[in-house]
Amino acid sequence: MKEESGSDRIGIIGGGMGSISAAIHLIKNGFNVTIYEKNKNLGGRANIIEENGFRFDVGPSLLNYPWVFEELFEAAGENLNDHLDLIKIETGVKFLWDDGETFSVTSDYPSLSEEVSRLENSNINGLQSFLKINSIRYKIAFEKLLNTNLNNPFKWGARLGLRELSSGSMFKSMYSDLNKHFKSKYIKEAFGSYAMYLGGSPYKIPGFFSILPYGEIAYGLWMPKGGIYSLIEKLESLLIKNNVSIKKNYEISEIVVNQKNEVKGVINNNGNFHPHKFVISNVDLATTHEKLIKKKYAQDFEKVQMTPSVMTFYWGIKKETKFPHHMIFLPNDYKSCFEDLFYNKEFSEDMPFYTSSPSTSDSSLSPKGKSTMFVLVPLPITEKNNQENIYSKDINKIRDKILKKFNKHNIDLSKKDIEFEKVLTPDEWKNKFGLYKTSAFGSSHNLFNIGPFRHRNKSSNIEGLYFVGASTNPGTGLPMVTISGKLVSERIKSDIS
Ligand SMILES: Cc1cc2nc3c(=O)[nH]c(=O)nc-3n(C[C@H](O)[C@H](O)[C@H](O)COP(=O)(O)OP(=O)(O)OC[C@H]3O[C@@H](n4cnc5c(N)ncnc54)[C@H](O)[C@@H]3O)c2cc1C
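Next up, the structure:
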């Protein structure tokens, strides 16, 4: 085993958004940092495919809560607006159903209230009460719950406040929460569908998470010019400017721990040992425990509920299209499709899916006269981590269903229009980024897996080992893992002071 120097540096395994954010906050606090990334790019799931003049974001396609990223640039002593041009996606998200109904959710209040009034028999009282209660919850979430390392359930409950505790928003479902404000099944289904990314059905995920659709309405949807990956590129240049050492194509195979249960460093798959007093794993938490930590220290994630898997399509289109930037196609049998996805682990024949057409908002993402489209189809995860996902074989079947649905909705896109195609199957997602049971967004956010009940960002049995990213606190999505980077750096700072 060859020993490399650098024990004074903090070693971060993985170079996803959580890692990048942790590195920025750590250097601000005077630490030296080395990032070890197994792939050729930083960014993790927020990655890039560039082919034939088309530029595709691999995972995240929408940026919400832009102030979280502004704060990250500020932590690096920079101004986000000097580095990125954030485009506001004025059209928001268009939801579509097979019976021809649609619902466009935007942050433009007059258009939104017109849409709600159309679906709610000229009544917008429900929209107003929905926005009011969720603006309060949003404040509680970001000012009192998410932005700090909270381990104590009582302190967490106290910060949540009597009003939320007594309203039962953490115990009642998102759907029943939405029911209080809206009569229209279309509005409830659209807002409730955000539960999918949280890893559960809107009939089970806590009602407090109505702050998700609220957050998009209140703060808008954004995309940096050049796509989401431009954010990663700019942040990488800030890491380099601040002397963060970045090792790419560098896969870590083990976190080394001594007899006193202290972390000693990491070993890569060529056997090189890098000593570190502190190691942070940005690798999906369950994978970290299963693959990188010795069995006697590892926790079992077998029973932890995970978010779904995905199949994603990247299409370079021969013609210029102006489809709405974000569309979500919802199924006829909404409730049973969620049951199938999460609990029966079956493929729902009338599958819901999401499309993003980023070249509608930024023509630089495709050659002149052409366009790009990204399609995300949620699929069941595997029962065990060592199994293949049976839906990885269904590329043709799934592509046909998507195109058929377009046809039904008079969306003018067929197979002959697709000049370039790349597909990532659930197993490819798993193998490329180390995702447990092919789960695309990490562990889910049911009541027993949020706040102080979610897996902590610090190992309970290995001194000096920490975690960052989607499966730890506060949760999944780019803004949350960015906050997670800040939290882990604060945790380390407070542990050594
Ligand atoms: C299809 C899809 C769409 C999404 N859409 C959105 C969206 O629109 N908006 C949004 O905010 N969020 C979205 N998300 C969620 C968001 O992408 C994730 O929550 C976030 O990127 C996770 O970041 P992370 O730092 O936790 O981990 P990751 O991005 O997974 O980073 C972990 C890194 O560790 C590396 N790694 C793994 N094993 C090793 C090893 N042994 N050695 C070294 N390196 C290793 C991986 O290669 C990876 O780079 C989406 C996710 C997916 C999959």
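Using the working numbering, count along the sequence shown one by one with no gaps and you end on 964. Backbone N, C-alpha and C define an ideal beta-carbon position, used for all residues, glycine too.
With which residues is residue i paired in a DSSP beta bridge?
i	result
G539	According to the sequence displayed, residue 539 carries Leu and not Gly. Its beta-bridge partners do not exist; DSSP assigns none.
S712	T501
T822	M794 and V842
R476	N499
M778	V844
M690	I554
R445	The chain is shown from 468 up to 964; residue 445 falls before or after that span and cannot be answered.
I885	I784
Indicate the three-state DSSP secondary structure (helix, strand or coil) for residue i in the structure shown.
i	result
L932	strand
H648	coil
D565	coil
S830	helix
P527	coil
E517	strand
N548	helix
V955	helix
G783	strand
L891	strand
M637	coil
V746	strand
G483	strand
R512	coil
G901	coil
V723	strand
E631	helix
G674	helix
E816	coil
I857	helix
Please report how far the alpha carbon of residue i lies from the alpha carbon of residue j, in whole angstroms.
i	j	result
F621	D879	54 Å
E930	P919	20 Å
I591	L627	28 Å
L932	L553	36 Å
E541	F676	28 Å
N646	Y717	49 Å
D767	E757	8 Å
K639	K671	8 Å
I848	I862	16 Å
L612	G666	20 Å
Y764	K883	53 Å
V746	H922	17 Å
P533	V771	30 Å
S697	Q726	44 Å
E886	G783	5 Å
I556	N619	39 Å
S994	S824	This structure cannot settle anything about residue 994, because the visible part of the chain is limited to 468 through 964.
Can you have a look at residue i and say buried or exposed, based on whether 16 or more other CB atoms are within 10 angstroms of its CB?
i	result
S906	buried
I707	exposed
E683	buried
K904	buried
S748	buried
E656	buried
E582	buried
N799	exposed
Hey, would you say the C-beta of residue i is under 7 Å away from at least one heavy atom of ligand 1?
i	result
L535	Sequence inspection shows Val at residue 535; the Leu mentioned does not correspond to that position. Not so, every heavy atom of ligand 1 lies at least 7 Å from the Cβ.
T839	no
E538	no
R512	yes
M484	yes
L843	yes
L529	yes
E721	no
F908	yes
L945	yes
I878	no
I494	no
L682	Looking at the sequence provided, one finds Gly at residue 682 rather than Leu. Incorrect: G682 has no Cβ contact closer than 7 Å to ligand 1.
D751	yes
N506	yes
Y503	yes
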